[in-house]
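These protein sequences, in sequence, are chains R and C. Following UniProt numbering from start to finish, the first sequence increments by one per residue and tops out at 329. Following UniProt numbering from start to finish, the second sequence increments by one per residue and tops out at 329. Contents: one structure, followed by commentary.
There are 2 protein chains.
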Amino acid sequence: GPGATIGGMCATRCSGSLAVRYGTMRDNVINLQAVLPDGDVVKTGSRARKSAAGYDLTRLIIGSEGTLGVITEVTLRLQKLPSHSVVAMCNFQTVKDAADVAIATMHSGIQVSRVELLDEVQIRAINMANGKSLPEVPTLMFEFIGTEAYALEQTLLVQKIAAEHHGSDFVFVEEPNAKEELWKIRKEALWAGFAMKPDHEAMITDVCVPLSRLAECISVSKQLLDASPLTCLVIAHAGDGNFHTIILFDPTQEEERREAERLNHFMVHTALSMEGTCTGEHGVGTGKMKYLEKELGMESLRTMKRIKAALDPNNIMNPGKLIPPHVCI
Amino acid sequence: GPGATIGGMCATRCSGSLAVRYGTMRDNVINLQAVLPDGDVVKTGSRARKSAAGYDLTRLIIGSEGTLGVITEVTLRLQKLPSHSVVAMCNFQTVKDAADVAIATMHSGIQVSRVELLDEVQIRAINMANGKSLPEVPTLMFEFIGTEAYALEQTLLVQKIAAEHHGSDFVFVEEPNAKEELWKIRKEALWAGFAMKPDHEAMITDVCVPLSRLAECISVSKQLLDASPLTCLVIAHAGDGNFHTIILFDPTQEEERREAERLNHFMVHTALSMEGTCTGEHGVGTGKMKYLEKELGMESLRTMKRIKAALDPNNIMNPGKLIPPHVCI
């Protein structure tokens with residue numbers, strides 16, 4: 001499946017869980033030290049939280065997946081832990097309703113800290129793996145942060161939005177152990193998926209679309225997934241318009257791999273037709289190279305290759321990754 | 001004085017006024033269309049709010065000050081207007097107290113939308129220009145946003161922090177006209193400064209330091225500014241650790257220009273010694289080129305020049321700007 005290098009992964013990871021309020025992890029990197037192909041050690045910034053001092057080499061190297069150099073030091077912008085937080089959960093009849101609530105919440109201006117969507121297959125996996133008995137329906141999980149009064153106020157506002165979209169069983173918790181217990185559902189989702197089919201591999205998709213198109217994109221994808229013989233679990237960082245499908249397939253069965261690829265292709269093309277991206281956070285690696293021309297155009301890829309050639313003329317840094325081989329300078 | 005190109009300015013401007021809550025303007029740019037030196041028209045992203053699809057050309061071009069291409073289209077991430085806001089103002093005996101309150105507010109985890117520091121000279125300029133009678137002392141201005149209850153809750157928390165640092169005359173307003181009237185003070189600050197010395201020019205500094213060093217940086221700078229024969233006004237985007245000094249000088253007097261440059265140099269070097277940057281938002285242009293090696297190192301500048309040479313081999317895009325002439329590939 002699509003896979004980025006460790007370098008790329010490090011720098012783009014964690015974007016899901018804290019994405020909405022604090023931005024992605026890359027937004028919180030203010031300086032890097034990196035070793036370039038010629039042995040130069042570069043420092044890309046200062047410790048100031050904003051700067052206009054020259055080209056933004058920090059962001060150029062983040063997400064370059066090891067093709068421009070090796071990151072040896074990272075300076076992060078720290079965030080104060082919120083004084084209070086609330087974790088909430090709500091059930092829906094359809095993924096479209098759930099996605100619509102995520103969109104409406106973001107559009108309402110509520111500063112939600114996390115909003116995660118899990119489809120009914122994902123919930124079934126969690127029930128099976130962890131001996132739970134959650135209703136096996138599309139589910140939203142939220143985190144609200146701030147002062148105690150504000151976190152509660154936001155919770156009640158979202159409860160109202162959920163009710164307007166056929167949401168049911170809205171629950172929220174404030175006690176630390178209860179919050180941890182609830183978030184565990186989300187955190188163990190991937191492993192619960194694997195537990196469903198122990199000998200299977202997972203192809204994990206990573207499309208991201210403009211928030212206003214998320215409900216449509218998930219709905220269209222879900223129709224296809226439900227009709228497939230493969231087991232597919234949807235888990236979305238809904239506040240970002242980013243969603244993952246965990247497509248489980250038997251690696252010894254060539255036709256199952258082909259089916260997984262067909263589903264992945266379909267979702268990527270659906271996302272691109274909605275002006276989205278083939279990868280919201282996992283990166284390009286080799287698996288997503290084939291989609292970049294459609295997403296960004298040949299001029300953009302040529303520009304990337306010119307930068308790669310200028311900084312790594314001997315192509316010694318993670319060769320063959322990120323830039324499709326047919327791109328000419 | 002230091003001046004970036006229009007391209008660079010556009011992309012880095014507005015970072016002050018909405019910096020804290022929503023990030024700088026550059027953080028809200030999700031896609032660019034740009035014409036490169038060879039005539040290629042590149043699209044740097046999709047309309048998804050996050051992406052890991054290849055090198056971040058969006059951020060590379062933002063802040064490149066027209067040296068890599070001409071931006072012809074910008075896609076912004078929109079933000080919902082807050083349902084409620086409060087504008088507050090508070091006086092202090094010293095700029096250090098004022099800066100300490102800005103720092104303590106940010107460190108407290110309060111999601112302040114704006115926090116601006118004006119020194120007593122800046123307030124005097126505003127009184128003179130606009131016929132006001134504000135106390136001529138270091139002053140902080142805040143904006144808090146959210147729900148009505150939350151904006152008020154934050155206001156009261158900051159009022160408490162201010163009181164702990166000798167703050168006085170804490171006032172806040174919620175009525176739209178009153179808020180506009182109060183923000184006008186900040187918005188017209190630069191013009192009020194010019195009005196003080198109509199035939200003078202202004203050299204505007206733009207250092208930015210780690211937030212924890214802001215009070216020290218402003219205090220040290222202020223001692224120097226107060227001892228100078230020139231009129232100097234301090235205005236800081238304090239939540240970012242970014243502060244501007246408007247140094248007024250008579251352009252017909254060479255020694256005044258030299259004095260202005262001396263003050264600017266001192267502040268830049270003070271900021272750099274605190275791991276800050278010579279420019280938080282205004283850019284490099286030609287005036288700040290001389291500081292970049294100290295701030296970022298020659299390896300970093302060489303990398304920038306390699307990128308410039310790869311994308312603009314004939315050096316036709318804003319030549320002579322941003323990268324110091326002595327940098328060799």
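Beta carbons: idealized from backbone N, C-alpha and C, even for Gly.
Under the three-state reduction of DSSP, S46(R) is assigned to coil, being neither helix nor strand. A check of alpha carbon separations from L272(R) across L214(R), H166(R), G23(R) identifies L214(R) as the nearest.
Counting other Cβ atoms within 10 Å of its Cβ, D240(R) reaches 16 or more and is therefore classed as buried.
It is roughly 26 Å from the alpha-carbon of N130(R) to the alpha-carbon of D97(R). Taken atom to atom, the span from the alpha-carbon of L322(R) to that of E281(R) is near 14 Å. In the displayed model, H165(R) falls within coil according to three-state DSSP, outside both helix and strand. The closest CA to that of P135(C), considering only D119(C), P229(C), E143(C), is found on D119(C).
M274(R) places its beta carbon 9 Å or farther from that of I246(R).
Closest in C-alpha terms to L36(C), from the list K308(C), L117(C), I329(C), comes K308(C). In the three-state reduction of the DSSP assignment, N28(C) falls in the helix class.
Following the DSSP letters along the chain, one finds V121(C) inside the alpha helix (DSSP H) bounded by residues 120-130. Taking C-beta separations shorter than 8 Å and ignoring five residues to either side along the sequence, the partners of R47(C) in its chain run I30, N31, T75, following chain order.
Inter-residue distance for E180(R) and D206(R) is about 26 Å (C-alpha atoms, whole angstroms). In this model, F243(R) and E164(R) are separated by some 23 Å (Cα to Cα). With contacts defined by Cβ atoms closer than 9 Å, C217(C) and G276(C) form a contacting pair.
The C-alpha of G283(C) lies about 15 Å from the C-alpha of P319(C). Here L76(C) carries a strand assignment [DSSP, helix/strand/coil]. Neighbourhood of G66(C) in chain R, by CB distance below 7 Å: empty, with the nearest CB roughly 12 Å away.
Looking at the DSSP output, R114(C) sits in a beta bridge with E143(C). Using a Cβ-Cβ cut-off of 9 Å, M304(R) counts as an interface residue toward chain C, since at least one Cβ of chain C sits closer than that to its own. Segment contact: the segment 58-78 of chain R against the segment 51-60 of chain C, three or more CB-CB distances shorter than 8 Å; contact assigned. Along the segment 121-134 of chain R, there is no position whose C-beta sits under 9 Å from a C-beta of chain C. Scanning the segment 144-211 of chain C from its first residue to its last, the whole alpha helix (DSSP H) runs of 4-plus residues come out as 148-164, 176-187, 189-196. Each residue's CA atom was taken as its position, placing P325(C) and L301(C) some 10 Å apart. Note on geometry: alpha-carbon atoms of A260(R) and F266(R) lie some 10 Å from one another. The beta-carbon of S51(R) is placed less than 9 Å from the nearest beta-carbon of chain C. Counting along the chain, the unbroken beta strand (DSSP E) around S85(C) starts and ends at 84-91. Around the beta-carbon of N315(C), fewer than 16 other beta-carbon atoms lie within 10 Å, marking it exposed. Interface annotation, V284(C): in contact with chain R, CB-CB separation under 9 Å. A Cβ-Cβ separation of about 14 Å leaves V101(C) out of contact with F144(C) under the 8 Å criterion. Sixteen is the threshold: since fewer than 16 other Cβ atoms of the shown chains lie within 10 Å of the Cβ of V171(C), the residue is exposed.
Contact between T270(R) and L248(R) does not hold, since the beta-carbon distance rounds to 20 Å and is not under 8 Å. Taking V42(R) as reference, the option from V173(R), R77(R), E73(R) with the minimal CA-CA separation is E73(R). When DSSP reads this structure, I247(C) sits in a beta bridge with M203(C), C232(C). Among the CB atoms of chain R, none fall inside 9 Å of the CB of R114(C).
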